[in-house]
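Shown next, in structure tokens, is the structure this report addresses.
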Amino acid sequence: MTRTLPAAARWTLCLPLLATLAMAATVRPAQAAPEEVQVYTNDINAPGQVGLELHVNHVATGDPTPDHPGGESSTGRLRVTPEWSYGIDDHFELGAYLPLTTIDNHGTFRADGYKIRLKWLPQHSERGVYYGINYEVGREDRHLDQNPWNNEVKLIGGWEGNRWLIGGNVNFDFALSGPAKAPPAVELDTKVGYKLREATLVGFETYNGAGTTTSFGHFGGSDQATYLTLDTKLGRWDVNAGVGRGYGANADHLILKMIVGVPIGH
1 MTRTLPAAAR WTLCLPLLAT LAMAATVRPA QAAPEEVQVY TNDINAPGQV GLELHVNHVA
61 TGDPTPDHPG GESSTGRLRV TPEWSYGIDD HFELGAYLPL TTIDNHGTFR ADGYKIRLKW
121 LPQHSERGVY YGINYEVGRE DRHLDQNPWN NEVKLIGGWE GNRWLIGGNV NFDFALSGPA
181 KAPPAVELDT KVGYKLREAT LVGFETYNGA GTTTSFGHFG GSDQATYLTL DTKLGRWDVN
241 AGVGRGYGAN ADHLILKMIV GVPIGH
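In our numbering, the protein residues as written are 1 to 266.
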């Protein structure tokens, strides 16, 4: 049964977003979110629809040195994260990364935190221009991030045609608590794909750290990664798979990623 929240309830859900945006100038940046290697495009749940995506990322080779005291090396680590989602109405979607789980290179399994998000896509037809915004806040264990509480504002935009999909995200990452003091970090993500058929897309994705809001364009000192990707369907299951190479300041060299859309709530 499809249900749509009234307008008053939707605005109530937006109040935390507006309050945190107002704090942006005074908080510190979080690190990137390695549990999710994804460029947001024009996908959104239908009103009342429940969704589940499973994010699986593995760093096959890289620099084993942790990036902060008490941190864990990402080399050899496997991250498996369920992302739950719910369509509020035609333009709003709630999501939760619950739990954030890791299996380190010694085989130890841990639940390392959670994140919640709110996505707004006022324009998201299957063809043509789309745009929107996603807000995310969450907590991670110190093994993953020296700033436990952090958030992200993601600007979404792009265009989809009969054969091509071109998308981009601009991410602003802030830390809400923790010892690392720095201006908000900026990341530019892109996705370009060509449709071999309607449900199969081949292309590439890039994830480019661009410095901070006070030193924008400092690419050499930021994490960079490029992936060759395939988006397709296996029956009712959606799959995004990619193999990537980290460079710049990125300690992860060879990265394998997969996002599996589990057919629930259909």
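Positions of the beta carbon are idealized from the N, C-alpha and C atoms, including for glycine.
Please read all numbers here as calculations on a predicted model, not as lab measurements.
Please state whether DSSP places residue i in a helix, a strand or coil.
| i | result |
| --- | --- |
| Tyr247 | strand |
| Ala182 | coil |
| Ile255 | strand |
| Gly261 | strand |
| Val80 | strand |
| Thr108 | coil |
| Ile88 | coil |
| Leu15 | Only weak support exists for where Leu15 lies, its pLDDT of 41 falling under 50; the value from the coordinates is given anyway. Leu15 falls in the helix class under three-state DSSP. |
| Gly193 | strand |
| Gly242 | strand |
| Gly95 | strand |
Alpha carbon to alpha carbon, what distance is there between residue j and residue i?
| i | j | result |
| --- | --- | --- |
| Thr238 | Pro179 | First, the amino acid is wrong: residue 238 is Asp here, not Thr. Approximately 39 Å, taken between the alpha carbons. |
| Val56 | Arg77 | 11 Å |
| Asp140 | Lys233 | Residue 140 is actually Glu in this sequence, not Asp. Approximately 32 Å, taken between the alpha carbons. |
| Pro122 | Gly157 | 11 Å |
| Lys191 | Gly168 | 6 Å |
| Ile259 | Thr213 | 30 Å |
| Gly128 | Arg245 | 31 Å |
| Trp84 | Val50 | 7 Å |
Which residues bound the beta strand (DSSP E) around residue i?
| i | result |
| --- | --- |
| Gln123 | 113-123 |
| Asp45 | Before going on, a small fix: residue 45 reads as Asn here, not Asp. Premise fails: Asn45 is in no beta strand (DSSP E) and is neither H nor E. |
| Thr101 | 101-103 |
| Arg139 | 128-140 |
| His55 | 50-62 |
| Val170 | 164-175 |
| Gly157 | 149-160 |
For the stretch 238-253 against the stretch 66-77, are there 3 or more C-beta pairs whose distance is under 8 Å? yes
At 3 residues or longer, and completely inside the stretch 195-238: list those beta strand (DSSP E) runs for me, N to C. 200-212, 223-234
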